[in-house]
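*Asks:* Before anything else, here's the structure in question.
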Amino acid sequence: MTAASERQFAQVTIGEALGPFEITIGKPLVRRYAAACGMDSGRFRDDGEARAEGLPGMIVPGNLSLSLLSKLVTDWIGSGGGHLKRIGTTYRSMVLPEHRLTLHGFVTHVDSDSRAVEIDVWIENDDGERLVIGTASVEFPTTA
Amino acid sequence: MAVDRSLIGKVFEATAPMAVSAESIIEFCRTMEEHNPRYGKSGANGEIVAPPSFAVTFRNTDAFFRFTPQLGRGFDAGKEVEFFVPIRAGDEISLTSIVRDIYEKTGRTGTMTFVILRSTLTNQRGETVAHVDHRFVHRNPAAKENPAETE
Chain A
7 MTAASERQFA QVTIGEALGP FEITIGKPLV RRYAAACGMD SGRFRDDGEA
57 RAEGLPGMIV PGNLSLSLLS KLVTDWIGSG GGHLKRIGTT YRSMVLPEHR
107 LTLHGFVTHV DSDSRAVEID VWIENDDGER LVIGTASVEF PTTA
Chain B
73 MAVDRSLIGK VFEATAPMAV SAESIIEFCR TMEEHNPRYG KSGANGEIVA
123 PPSFAVTFRN TDAFFRFTPQ LGRGFDAGKE VEFFVPIRAG DEISLTSIVR
173 DIYEKTGRTG TMTFVILRST LTNQRGETVA HVDHRFVHRN PAAKENPAET
223 E
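Chains A and B are the protein sequences, given in the same order.
Start counting the first sequence at 7; every next residue gets the next number (the working numbering).
Start counting the second sequence at 73; every next residue gets the next number (the working numbering).
And the structure:
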């Protein structure tokens, strides 16, 4: 994922796709993210500690999934004046590290009056299962 | 599991202001491999601006579960974040959290308790930075499968 230069509101169309971007969330990234966020739970640090909690091993924090989907949207917005106004996520299944995942987005609504855009976002595994689903709202200024 | 709905609206934690260091934003950006020039070192006007999702790193929801031990820790079922003002290095963020809702849902795997906690982030200028609604799910003993199946 890389940030586009600058997305203009006039460019946005319903049905436009964000991504897909493949990503494998490694255990080092999980540990680093948890540390950066002050999340000290063992389930984000060590397979043994996670198993002691009844989990299959280390899991990816929901916050990291939210951050990845937020970045999918802010990369799509780029460096222009549009901004991420809201994001909501639902964690449907555990996201495990070291598995290949794909980040997706899809523009579902464009409001010319308010210059607002609604986007469905999700994280999918190789079986096509949507592990994390969500929606995001983006607003563009009148000058953008 | 009885749901104590009298907790709804209760402010269970209000933190003292927490200083946002440039290093914490930069480390977050590095971790996320953030290359958008709006965030990190190259923010507008030379400021160091955090990406929006940095807001979810401010948490005090554990305090709620300390005085509701009967619920256990549960699982993070989802979040809803509304962003108002960007977080910048040098900001001091205060966090106030309330119980927004508590309810039970019964699905194929049994009855579960959902707790919605709203954290409001405010900066040193009194501006609301973000609302973060945390949705936690607590499995009752009979519920064994993925809790989110009922959502």
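Beta carbons: idealized from backbone N, C-alpha and C, even for Gly.
(1) Is T96 of chain A close to chain B, meaning its C-beta is less than 9 Å from at least one C-beta of that chain?
(2) Report the residue ranges of all beta strand (DSSP E) runs contained in full by the stretch 146-184 of chain B; include only those spanning at least 3 residues, in chain order.
(3) Can you tell me where the beta strand (DSSP E) with L137 of chain A in it begins and where it stops?
(4) Spell out whether any CB of chain A is found under 9 Å from the CB atom of K113 of chain B.
(5) Name the chain A residues whose beta carbon is nearer than 9 Å to that of A161 of chain B?
(6) Please work out which residues of its chain come closer than 8 Å, Cβ to Cβ, to E221 of chain B, disregarding the five sequence neighbours upstream and downstream, and give them in chain order.
(7) By the 10 Å Cβ neighbour count, where 16 or more other Cβ atoms means buried, how is P124 of chain B classified, buried or exposed?
(8) At a Cβ threshold of 9 Å, is D76 of chain B touching chain A?
(9) State the start and end residues of the unbroken alpha helix (DSSP H) segment that holds K77 of chain A.
(10) Excluding the 5 residues preceding and the 5 following L24 of chain A in the sequence, name in chain order all residues of the same chain whose CB lies nearer than 6 Å to its CB.
(11) At what residues does the beta strand (DSSP E) containing V204 of chain B begin and finish?
(12) Identify the contact partners of N131 of chain A in chain B, using a Cβ-Cβ distance below 9 Å as the criterion.
(13) Smallest Cα separation from C43 of chain A: which of B:A127, B:V157, B:E119, B:S166?
(14) By Cβ distance below 6 Å, which residues in the same chain neighbour A88 of chain B in space, the five residues on each side in sequence not counted?
(15) Taking DSSP as the reference, what is the three-state secondary structure of D53 of chain A?
(16) Which class does T19 of chain A belong to by DSSP, given the choice of helix, strand or coil?
(17) In three-state DSSP terms, what is E221 of chain B?
(18) Look up S191 of chain B in the DSSP assignment and give the residues it is bridged to.
(19) Following the continuous alpha helix (DSSP H) through Y111 of chain B, name the residue where it begins and the one where it ends.
(20) If you compare alpha carbons, which of A:S11, A:F146, A:P67, A:S73 is closest to D117 of chain A?
*Replies:* Reading from the atomic positions:
(1) What you label residue 96 of chain A is simply residue 90 of the first sequence in a count that begins at 1. At least one chain B Cβ lies under 9 Å of T96 of chain A.
(2) 147-155, 164-179
(3) Within the first sequence, residue 137 of chain A is the residue found at index 131, counting from 1. Here the beta strand (DSSP E) through L137 of chain A covers 136-145.
(4) As a working mapping, residue 113 of chain B is identified with position 41 in the second sequence. No, no contact with chain A.
(5) As a first step, residue 161 of chain B is located in the second sequence; it is residue number 89 there, counting from the start. Chain A residues near A161 of chain B: none, gap ~15 Å exceeds 9 Å.
(6) Start at 1 with the first residue of the second sequence, and residue 221 of chain B comes out as number 149. Residue placement at E221 of chain B is poorly supported in this model, since its pLDDT is 31, which falls under 50; the coordinates still yield a value, given next. The answer, listed in chain order, is G179, R180, T181.
(7) Taking the second sequence and counting its residues from 1, the one referred to as residue 124 of chain B is at position 52. Buried: at least 16 other Cβ atoms inside 10 Å.
(8) Here residue 76 of chain B refers to the residue found at position 4 of the second sequence. Closer than 9 Å: no.
(9) Here residue 77 of chain A refers to the residue found at position 71 when the first sequence is read from its first residue. It spans 68-83 - the alpha helix (DSSP H) in which K77 of chain A sits, taken as one unbroken run.
(10) Locating residue 24 of chain A in the first sequence gives position 18, where the first residue counts as 1. Closer than 6 Å at the Cβ level, and outside the excluded window around L24 of chain A, lie L78, W82, G111.
(11) Locating residue 204 of chain B in the second sequence gives position 132, counting from the first residue. It spans 200-211 - the beta strand (DSSP E) in which V204 of chain B sits, taken as one unbroken run.
(12) In the first sequence, residue 131 of chain A corresponds to position 125, counting from 1. Those within 9 Å of N131 of chain A in chain B number zero; the least Cβ separation is about 14 Å.
(13) Counting from one through the first sequence, the residue named residue 43 of chain A turns up at place 37. If we check each option's Cα against that of C43 of chain A, B:A127 comes out closest.
(14) Start at 1 with the first residue of the second sequence, and residue 88 of chain B comes out as number 16. No residues qualify anywhere along the chain.
(15) Here residue 53 of chain A refers to the residue found at position 47 of the first sequence. Helix at D53 of chain A.
(16) By 1-based counting over the first sequence, the position of residue 19 of chain A is 13. DSSP places T19 of chain A in coil when its eight states are reduced to three.
(17) In the second sequence, the residue the question calls residue 221 of chain B occupies position 149. With a pLDDT of 31 at E221 of chain B, under the threshold of 50, the predicted position of this residue should be treated as unreliable, though the coordinate-derived value follows. Here E221 of chain B sits in helix by DSSP.
(18) Sequence index remark: in the second sequence, residue 191 of chain B carries index 119 (1-based). DSSP lists B:S169, B:V204 as partners of S191 of chain B.
(19) Here residue 111 of chain B refers to the residue found at position 39 of the second sequence. Run containing Y111 of chain B: none; DSSP gives neither H nor E here.
(20) Position 111 of the first sequence holds residue 117 of chain A. Here the closest residue by C-alpha is A:F146.
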